[in-house]
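Residue numbers (this note's numbering), protein chains in the order written: chain F, 1182 to 1819; chain L, 115 to 225.
Don't be surprised by glycine CBs; every beta carbon is placed ideally from N, CA and C.
The model shown is predicted, which means the values in this text are computed figures rather than measured ones.
This report concerns only the one structure given below.
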Amino acid sequence: MNKFVFLIPLIPLIGFLINGLGRSVISKSFAGILGCGTVLVSFILSIILFLNVRNGHTGVEYLYNFISFESLHIPFAFQVDQLSVIFLLIITGVGFLIHIYSTAYMHGENPAAYARYFAYLNLFVFSMLLLVLGANYVIMFLGWEGVGLCSYLLIGYWFRNTEYNNAAKKAFVMNRIGDFGFLLAVFWMIRVFGTTDYVDVFAKASSAPVNVTVLTGITLLLLLGATGKSAQIPLYTWLPDAMAGPTPVSALIHAATMVTAGIYMIARSNILYTLAPTSQAIVAVVGLATAILAATIALKQNDIKKVLAYSTVSQLGYMFLGLGVGAYTASVFHVITHAFFKALLFLGAGSVIHAIPVILGGGQEQDIRTMGGLKKYMPVTHITFLLACLAIAGIPPFSGFFSKDEILISAYSRSPILYWIGLGGSLLTAFYMFRLYAMTFLGRYRGTAEQEHHLHESPPAMTMPLVILAILAVIGGFLGLPEIFAPDSNWLEHFLAPIFAGSEKISPAIPVAHNTEYILLAVTVVLVVICIVWAIGRFRNYSLKELEEKGLGKFLQNKWYVDELYDAIINRPLRAISGFLNSIVERSGIDGIVNGVGRFVNYSSRQLRLIQNGQVGAYILMMVVAVLFFFIIQLFLK
Amino acid sequence: MTINHYIFLSVALFCIGIVGVLTRRNAIVIFMSVELMLNAVNILLVAFSKMHYLAAKIINPATQAGIEGQLFVFFIMVVAAAEVSVGLAIIVMMYRNIHSVDVNFLNRLKH
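See the structure below:
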């Protein structure tokens, strides 16, 4: 069966080609069925593959030689193992639900735009599958670029809006900066190891004595790539702006799948990171700093999707923290649970946005200050959203509790400081999520009466995915029950053990005493509950009259002025240099020379033309004068 | 008469020819001036030919030195005759077209 693994990415690609090329002739229902169907087929194949892998059939599926140059051979091959198959299930499974949801969410688009949307979505799924299936860094890079492109296309899906286009460009440029690091890392890898195949690179890195500095360099460059794709400091600013895209896109690309590519890549290269402790420490610090920074910003955002975007950045930070402290399984676990509850949150937000009628002359309503009281009108959305909030806040037994605590406990085993800072971040998470929940669903509706009259629950195509994701978000945590609740119950850890065996051997996990763990868990849960109660109490009867933010609040609302900072230290100097080069060097320097040559030729030919008057006598005179001239020169030269 | 006299005569004829070509507008006169220049060259060729012959005869009475100059003159005469026939034909055509033999009317270098 593993032989047919190439079908998994191929089928969405076919869907993309049909939808993309035939977008102006096919009907909306056909585009929708094709878009969903291809991903469903991939999902079914992924399940079969998963069962196969569980029975121990792992390996590399070689297709053909992609690049062959002297001693360098890069095959087009697929890596079928525990890690890739888990990502396959997330991408196709959550992806399928989001495709279903999109058929209803995008129904207002005209047929061509609708087919274009599904074409992009299928192309994205194809690229993402290529990314996780590739058996070497070059194939991964192909997918890596592909998802970046699709992200750009889908953020700028409504391309008539300049602001959205700018957001798309920002995402693309930020990603390119990261890709640059990734590419350099691949080149360096070829230079040092002579190959990019995972199997060979990891074997050579761990057996032969490779210079630690070189490994640190490679892993740091890979980290730069990961920070771009997974929205970490310093390249995270594109993700909140990426909310310009349609909401299902935010759920699929900017919450569940693409942004976890960086985590997948580091988890895949876990041996390299374990061998380079400096890089690993930097991963942990970057992750923790991002988690806290994004969480503080999320406290003061008023756009329902912006809050979720910063929350995503923050959760990705936790995953990086997990990778940095060597808890690779915990990070992958958090990727899984995060895919469930964050996709659910985004789809719930989409359902809310969908429900509120557009005011004439305005855009879609996304400001939570004018929402409120939606609980009454949208029961399904409300319940599923609440479950997702509980999951992300880390209330047992919802999924987020297990995954986040596994990361935090691992952090504690390395250094308690990491744990306490991380705990602070998770309290902020609980607070802002329930602020969002309370302002959206509790209290009274704060929009116009006309809007209130039209509030409605979303159609089943939208609520069904919500319900399925809610179930997953609730029970997903049981994939990786911690040791302290039931011995040997952590299924995920056993399943992924072969992938992380090498790292485990070099730096084994430090076990935390069970008593300490109990205390830490209890403290976490109590503090989180306090935060939730506080947030609900504070915001359930929010009124529009609340004063404008001042001081720290304003600082947070303006996102720590990071965009302004980047503008000041990168954009402005760049523009100043460009302006100088444009007005001085280009206009008067290069243009002066070029135009000067032209003007000189023009002028001199105008003068010379006067000689060509057509009088034969004049020509002869010139000839005689010239002959005499040469004659005289001849005389003098003698 | 020394060779100088011949050279002066030739140069004088040549200059008259040039001035004639440059100053006159009548095509036939220009033509005649051109002939004058050709003949100035002929005189020079014959004169130098004779000079070389006389110088060589003192050493070798049976010499043929300078014969090329004489030959050249005949060539020039033949070419000039051919040129005259072509040139006169052109002038006739010119007269038929513009009813004049004034070259200044031919300043457009096209039809």
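To be precise: take each residue of the stretch 1769 to 1803 of chain F, compare its Cβ to all Cβ atoms of chain L, and keep it if any distance is under 8 Å. Which residues remain? In summary, the residues of the stretch 1769 to 1803 of chain F whose CB is separated from some CB of chain L by less than 8 Å are 1794, 1795, 1796, 1797, 1798, 1801, 1802, in the order they occur in the chain.
If you follow the beta strand (DSSP E) that residue 1254/F is part of, which residue opens it and which one closes it? 1253 to 1261
Since residue 1664/F and residue 1562/F should fall inside the 8 Å C-beta cutoff, what is the C-beta to C-beta distance between them, to a whole number of angstroms? Between residue 1562/F and residue 1664/F the Cβ distance is about 36 Å, and since that is not below 8 Å, they are no contact.
Helix, strand or coil, according to DSSP, for residue 1340/F in the structure here? coil
So what does DSSP say about residue 1633/F, is it helix, strand or coil? helix
Quick one: Cα of residue 1732/F to Cα of residue 1738/F, how far? In a straight line, the C-alpha of residue 1732/F is about 10 Å away from that of residue 1738/F.
Using a 10 Å radius around the Cβ and a threshold of 16 neighbouring Cβ atoms, would you call residue 1646/F buried or exposed? Classification of residue 1646/F: buried, given that the 10 Å Cβ count is 16 or more.
Reduced DSSP secondary structure (H/G/I, E/B, other) of residue 1248/F: The answer is strand: DSSP assigns residue 1248/F an E or B state.
According to the neighbour-count rule (16 or more other Cβ atoms, all chains shown, within 10 Å of its Cβ), is residue 210/L buried or exposed? exposed
Does the CB of residue 212/L have a neighbour CB from chain F at under 8 Å? no
Assuming residue 154/L and residue 131/L are in contact, meaning their beta carbons sit under 8 Å apart, how far apart are those beta carbons, in whole angstroms? Correct: roughly 6 Å between the Cβ atoms.
Roughly how many angstroms separate the alpha carbons of residue 1311/F and residue 1319/F, rounded to a whole number? Each residue's Cα considered, the two are about 11 Å apart.
Since I believe residue 1440/F is in contact with residue 1410/F (beta carbons under 8 Å), could you give me their beta-carbon distance rounded to a whole number of angstroms? 7 Å
Near residue 289/L, which residues of its chain fall below 7 Å by C-beta distance, leaving aside the five closest residues on each side in sequence? Residue 289/L cannot be examined here, being either before or after the span of chain L that is shown, 115 to 225.
Answer with yes or no whether the minimum CB distance from residue 1806/F to chain L is below 8 Å. No - not a single Cβ of chain L is within 8 Å of the one on residue 1806/F.
If you pair each beta-carbon of the stretch 1256 to 1265 of chain F with each one of the stretch 1298 to 1318 of chain F, do three or more pairs fall below 8 Å? Taking 8 Å as the limit for Cβ pairs, the verdict is that the stretch 1298 to 1318 of chain F does touch the stretch 1256 to 1265 of chain F.
Would residue 159/L count as contacting chain F if we go by Cβ distances under 8 Å? By this cut-off, residue 159/L is not an interface position.
Could you list which residues in chain F have their beta carbon closer than 9 Å to that of residue 140/L, in chain order? Ordered by position in chain F, no residue passes the 9 Å Cβ test against residue 140/L, which lies about 12 Å from the chain.
For my contact list, residue 1615/F and residue 1717/F are in at a C-beta cut-off of 8 Å; report their separation, rounded to the angstrom. 5 Å
For residue 198/L, which residues in chain F fall below 9 Å Cβ to Cβ? None at all; the shortest Cβ gap to chain F is about 18 Å.
Quick one: does residue 173/L have its CB under 8 Å from some CB of chain F? no
Determine the chain F residues that contact residue 136/L at a beta-carbon separation under 8 Å, and present them in chain order. Ordered by position in chain F, the residues that pass the 8 Å Cβ test against residue 136/L are 1798, 1801, 1802, 1805.
What's the C-alpha gap between residue 1390/F and residue 1266/F? 31 Å
Paired residues, beta bridge with residue 1600/F - DSSP: The partner list for residue 1600/F (beta bridge, DSSP) is empty, contrary to what the question assumes.
Have a look at the DSSP bridge pairing and note the partners of residue 1317/F. 1378/F
Helix, strand or coil: which one does DSSP assign to residue 1772/F? helix
With contact counted as at least three CB pairs below 8 Å, one residue from each stretch, are the stretch 1596 to 1606 of chain F and the stretch 1650 to 1670 of chain F in contact? no
Are at least three pairs of beta-carbons, each pair with one atom in the stretch 1555 to 1571 of chain F and one in the stretch 1471 to 1486 of chain F, less than 8 Å apart? no
Answer with buried or exposed for residue 1629/F, where buried requires no fewer than 16 other C-beta atoms within 10 angstroms of its C-beta. It is exposed - the Cβ of residue 1629/F has fewer than 16 other Cβ atoms within 10 Å.
State the Cα-Cα distance for the pair residue 1774/F and residue 1781/F, rounded to the nearest angstrom. 10 Å
Proximity test, Cβ basis, 8 Å: residue 215/L and chain F: no
Which residues does DSSP list as the beta-bridge partners of residue 1360/F? None; residue 1360/F has no bridge partner.
Quick one: is residue 218/L near chain F, going by C-beta distance under 8 Å? So, interface residue.
Measuring CB to CB, does residue 1465/F end up less than 8 Å from residue 1433/F? no
Report yes or no: do three or more beta-carbon pairs, one from the stretch 1188 to 1196 of chain F and one from the stretch 1278 to 1289 of chain F, lie closer than 8 Å? no
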